[in-house]
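See below for the structure under consideration.
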Amino acid sequence: MSEVPAYAPRPGVVQEQAWPAMREGSWPVAIMPFGATEPHNTHLPYGTDTILGSHVAAQVSAACLSQGIRVATLPALPYGVNTTQLDLPFTINCMPSTQLALLRDVVQSLAPHGVRALVLLNAHGGNELRALVRELQPATSIVLSIVNWWQAGDHAHFAEAGDHAGELETAAMLHVAPHLVQPDRSSWGAGHARPSVFEGVRAGWAWMPRRWTQVTDDTGVGNPAQATAERGAAFVAQAVDRIAAYCIQLASVDPAAMWRDRPAGI
Ligand SMILES: [Zn+2]
Numbered sequence: 178m179s180e181v182p183a184y185a186p187r188p189g190v191v192q193e194q195a196w197p198a199m200r201e202g203s204w205p206v207a208i209m210p211f212g213a214t215e216p217h218n219t220h221l222p223y224g225t226d227t228i229l230g231s232h233v234a235a236q237v238s239a240a241c242l243s244q245g246i247r248v249a250t251l252p253a254l255p256y257g258v259n260t261t262q263l264d265l266p267f268t269i270n271c272m273p274s275t276q277l278a279l280l281r282d283v284v285q286s287l288a289p290h291g292v293r294a295l296v297l298l299n300a301h302g303g304n305e306l307r308a309l310v311r312e313l314q315p316a317t318s319i320v321l322s323i324v325n326w327w328q329a330g331d332h333a334h335f336a337e338a339g340d341h342a343g344e345l346e347t348a349a350m351l352h353v354a355p356h357l358v359q360p361d362r363s364s365w366g367a368g369h370a371r372p373s374v375f376e377g378v379r380a381g382w383a384w385m386p387r388r389w390t391q392v393t394d395d396t397g398v399g400n401p402a403q404a405t406a407e408r409g410a411a412f413v414a415q416a417v418d419r420i421a422a423y424c425i426q427l428a429s430v431d432p433a434a435m436w437r438d439r440p441a442g443i
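Oh and the sequence shown: position 261 is 438 in our numbering, straight run, nothing missing.
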């Protein structure tokens with residue numbers, strides 16, 4: 178007879194809870210991870226962004242709940258904006274306009290449930306969520322904001338953090354889901370990215386989406402070679418701490434008093 182694993186829903190993770198855990202009291206903050214389905218060099222899985230975003234959100238919920246603040250983690254959106262990677266098999270694109278429609282539905286669903294703030298926890302660079310928030314915020318009293326989780330920790334943890342499947346993301350996956358990282362490091366691509374031919378794009382004052390297969394041969398941007406699980410753990414822990422502190426502040430947010438001068442010295 179096979180043994181039934183112990184009942185262990187992660188605290189605050191909505192898709193793992195039964196109704197009684199969610200219906201009592203209020204949940205002032207919700208986090209929605211935004212992921213993607215796309216190749217991540219030759220060593221990380223297609224779901225890397227979704228896996229990392231979901232993990233960080235769940236850890237943030239746990240950290241907040243341990244301090245008595247109820248922060249709910251919503252199911253992640255597993256598809257991201259990938260309009261310039263569609264020549265890579267099984268990349269699944271979700272248009273910004275589709276994300277807008279979906280987010281509108283999520284916000285409208287949460288509105289009657291006492292949620293005061295919704296954090297969009299972004300885990301994929303192609304998801305540029307600001308336009309969505311700018312469009313939806315005037316129509317809701319829920320305070321909307323965006324956290325790019327990979328920017329919430331210090332990049333000094335890494336020799337070269339990288340952009341896509343580089344050292345940061347690889348280290349995080351070695352910590353969060355080591356069973357999904359290709360163990361033969363000699364097979365990992367170097368993540369070399371070709372620079373733009375345009376000076377303005379290289380300097381950052383001009384921008385255009387990158388035609389991914391022209392930029393990189395292995396789909397990676399950033400060399401993963403130095404990645405370690407220990408540095409990944411340290412970075413994720415730091416990001417979780419900071420995002421949890423942000424969510425705790427959001428839990429008591431007064432939308433009419435979010436901007437103010439601070440006393441000298443703070
Ligand atoms: Zn990624």
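Even glycine gets a Cβ: it sits at the ideal position worked out from N, Cα and C.
Asked	Found
For Pro255 and Gly212, which I take to be in contact (beta-carbon distance under 8 Å), what is that distance rounded to the nearest angstrom?	5 Å
Do Asp264 and Thr390 have their C-beta atoms within less than 7 Å of each other?	yes
Please determine whether the Cβ atom of Leu226 lies at a distance below 6 Å from any heavy atom of ligand 1.	It should be pointed out that residue 226 corresponds to Asp in this sequence rather than to Leu. Yes; taking the cut-off as 6 Å, the Cβ of Asp226 has a heavy atom of ligand 1 nearer than that.
On the DSSP letters alone, give me the boundaries of the alpha helix (DSSP H) that Thr390 sits inside.	Trp389 to Val392
Would you say the beta carbon of Glu346 comes nearer than 6 Å to a heavy atom of ligand 1?	yes
Quick check on the DSSP output: the beta strand (DSSP E) that includes Phe211 runs from which residue to which?	Val206 to Phe211
Val233: buried (16+ other C-beta within 10 angstroms of its C-beta) or exposed?	buried
If I measure Cβ to Cβ from Pro432 and keep anything under 6 Å in the same chain, skipping five residues before and after, which residues do I get?	Val320
Could you give the uninterrupted runs of the alpha helix (DSSP H) lying entirely in the region 382 to 438, keeping only those of 4 residues or more?	389 to 392 and 406 to 428
Just to check my reading of the structure: Pro401 and Gly343 have Cβ atoms closer than 8 Å, yes? What is that Cβ distance to the nearest angstrom?	6 Å
Using only CA atoms, which one of Val430, Arg437 and Trp436 lies nearest to Arg293?	Val430
Below 8 Å on the Cβ atoms is my contact criterion, and I expect His334 with His217 to pass it. Report the Cβ-Cβ distance as a whole number of Å.	Actually they do not touch by this definition, with Cβ atoms about 19 Å apart.
Just to check my reading of the structure: Ile420 and Val237 have Cβ atoms closer than 8 Å, yes? What is that Cβ distance to the nearest angstrom?	5 Å
What span of residues does the beta strand (DSSP E) with Ile228 cover, start to end?	Here Ile228 belongs to no beta strand (DSSP E); instead the alpha helix (DSSP H) covers Thr225 to Ser243.
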